[in-house]
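Notes follow the structure.
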Amino acid sequence: MRAKPFVLTPQWIMFDEFWISLKRRNRWLVYLRYGAAAMLAGFAAGAPLALHLRVETVPILMIAAAILAYNLVLHRLLQTIPTTHARFHGLHFALIQISLDIVALLVFLYLSGGIESPFFVLLIFHVIIGSLILPRAIVSTIITIAVAVMGTGTFMEFRGIIPHYTIGDFPHLLSSHPNYLVLSFVVMVFALYMSNYLANSISKELYQRERALTQAYKDLEDAEKAKSRYVMSVVHDLKTPIAAAITYLTLILDKTFGPLKPEIERPLERSKHRLAGAIKLINDILELSQVRLSGGLTTEKVNLTEIIHEIYDEMRIMFTSKNIRFTTWTNAAEDVYIEADPKLLKLALANLISNAHKYTDPEGNVEVHIKVKGDFVFIEVADDGIGIPEQEQSRIFEDFFRTSISKKRTTEGTGLGLTIVRQIIQQMHGSIRLESPSRLAREGRPGTAFFVTLPRILPDISPGETAKA
Ligand code: ADP
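My numbering numbers the first residue of the sequence shown as 4 and each following residue consecutively.
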């Protein structure tokens, strides 16, 4: 099917990343325009003083004021434009702002010498910006209108129908060397169409490549999800016979079927312990697969302070039985709220806090600090436990990785907890890092601290949609 030339939204831009980068470019143009208005005003006021050139100061200042005025309106409008293609979308906005700029530039060109203006080349700059955003046919139409206006204006100036303005008081070329000016005009027109063609071809190719990459990434994600689903079903099926074996072992160890010889009791205890470890591994794999499979987050306003207290309440016995002191601190005057998936946030923090407990010797300390700064919340989970050797720190978030010290000390642990934590934090657009020794370090207890940074409000991917990982 032949593409319609005047469609503002051709098929090749129908992918989310295009609309996100369009929003960025539109915003960038609005910010840039404040500078342009200031430079124009500076030129109108400064050229006579600094360059000793007479210019149409008042009318040019009026153009600068007009640019500022429409830019303020555009700036306000910018906040309301949806990222996805609605009735009025980013491309309409881009078309409006680029057209307004061309009109302002044409008036400025007229006042600064028309076809003789040294600012003539700025048209090329505008065409390139337009071609990076808008379809080629639309920019060609804008060029054609601009060229027609310039041509007609020049002809009317040449015939004396409208006045000819110049910068400085030089004898103007329009009356003495019209052919020279016609030549430069033709070169300029050629340059405008060529710039549009080249810039648009390059940007279209780049968008198409980005789209192909996005698709490839999505296909990879789908393949990863299919794998996770397969792992989940296999692992889930393994859980049932292991759970049954634990139940039988428990019944035997509880002497339900009669007394047990101590030499049988001990290996049975060990088997039960190993099977319980297998169940923990299965549960971790299931949890991780579930986190990986959940494409979108269901977010709500969550009381972070409360979640941490809830986690501690559920682990209180574990902490008191090892006599580990658990303290919390925050710089916020009231409870801290963030936008998050409550279940996943609790799962991630519970993993960090239970690790702090697990890898800290009796009589130790675990501290959770919550610091609110700007749009972010910083959570630190620190302990004075066994620590993590420096050379192993870079591998700590890898699947199944356990440090050499922890492997020596305990057989418990799957090495999947931190993978789950990092996956969740990334889905929430946050980050995690660690330090060891921690600030709680003391003799023989280096300790570890995990630092989580989370946005308090999730970045706006597209209004009305759930944030995606
Ligand atoms: P698990 O604790 O089940 O082994 P994790 O993924 O939660 O798995 O942790 C991975 C490894 O990181 C642990 O085995 C341990 O070696 C190390 N680790 C995690 N948290 C701490 C901590 N607070 N102090 C010391 N080592 C830790």
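C-beta atoms are modelled at their ideal positions from N, C-alpha and C, and glycine is treated no differently.
Asked, Found
"Counted within 10 angstroms of its Cβ, other Cβ atoms place N334 as buried (16 or more) or exposed", "exposed"
"Exposure label - V237; buried when at least 16 CB within 10 Å", "exposed"
"Residue span of the beta strand (DSSP E) that contains E383, given as start and end", "379-386"
"beta-carbon I389 near the ligand ADP non-hydrogen atom, thresh 6 Å", "yes"
"For W332: DSSP bridge partner residues", "H372"
"Helix, strand or coil at T422 [DSSP, three-state]", "helix"
"Residue burial classification, L35 (beta-carbon count within 10 angstroms, cutoff 16)", "exposed"
"Unbroken beta strand (DSSP E) run spanning K304, endpoints", "303-306"
"Beta-ladder partner(s) of E438, from DSSP", "A452"
"Three-state secondary structure assigned by DSSP to L25", "helix"
"Burial state of L223, where buried means 16 or more other Cβ atoms lie within 10 Å", "exposed"
"Three-state secondary structure (DSSP) of E415", "coil"
"Integer Cβ distance of S305 from A343, believed to fall under 8 Å", "With the sequence shown as reference, residue 305 is identified as Val, and Ser is not the correct amino acid for it. V305 to A343, Cβ: 5 Å. Contact."
"Bridge-paired residues (DSSP) for Y340", "N306"
"For H167 and G117, believed in contact at Cβ under 8 Å, the rounded distance", "6 Å"
"R30 Cβ short of 6 Å to the ligand ADP heavy atom set", "no"
"Any chain C beta carbon closer than 7 Å to E446", "Absent from the structure is chain C; it holds one protein chain and no more."
"Reference K283, options L419, Q426, Q396, closest by Cα", "L419"
"Run of the alpha helix (DSSP H) containing F128, from where it starts to where it stops", "125-136"
"Residues of its chain near H372, where Cβ-Cβ distance is below 6 Å and the 5 sequence neighbours each way are ignored", "W332, E383"
"Test item: CB-CB of L3 and L256 under 7 Å", "Missing from the structure shown is residue 3; the chain here goes from 4 to 472 and no further."
"8 Å contact criterion, which I25 and L94 should meet: CB distance rounded", "Reading off the sequence, residue 25 comes out as Leu, not Ile. Contact flag correct, Cβ pair sits at about 7 Å."
"Given 8 Å, three or more beta-carbon pairs between the stretch 28-46 and the stretch 96-107", "yes"
"Residues near P51 by beta carbon distance below 8 Å, same chain, minus five either side", "R57, V58, T60"
"8 Å Cβ shell around S143 - same chain, five flanking residues per side excluded", "Y196, N199"
"Integer-rounded CB distance, given that D386 should sit under 8 Å from G450", "5 Å"
"L421: CB within 6 Å of a non-hydrogen atom of the ligand ADP", "yes"
"Spatial distance of E313 from A215 (CA atoms)", "45 Å"
"Cutoff 7 Å; reference V192; Cβ partners in own chain excluding five residues on either side", "V150"
"Alpha helix (DSSP H) segment containing T157, residue limits", "139-161"
"Exposed unless 16 or more other CB atoms sit within 10 angstroms - verdict on L254", "exposed"
"Pairwise C-alpha distance: E227 and Y233", "10 Å"
"Cβ-based neighbour list, N358, same chain, cut-off 7 Å, excluding 5 preceding and 5 following", "G420"
"Three-way DSSP call (helix, strand, coil) for R445 in this model", "strand"
"Cutoff 7 Å; reference I311; Cβ partners in own chain excluding five residues on either side", "T331, L352, V371"
"Contacts around I146, its chain only, beta-carbon distance under 7 Å, and the 5 residues preceding and following it disregarded", "V130, L195, Y196, N199"
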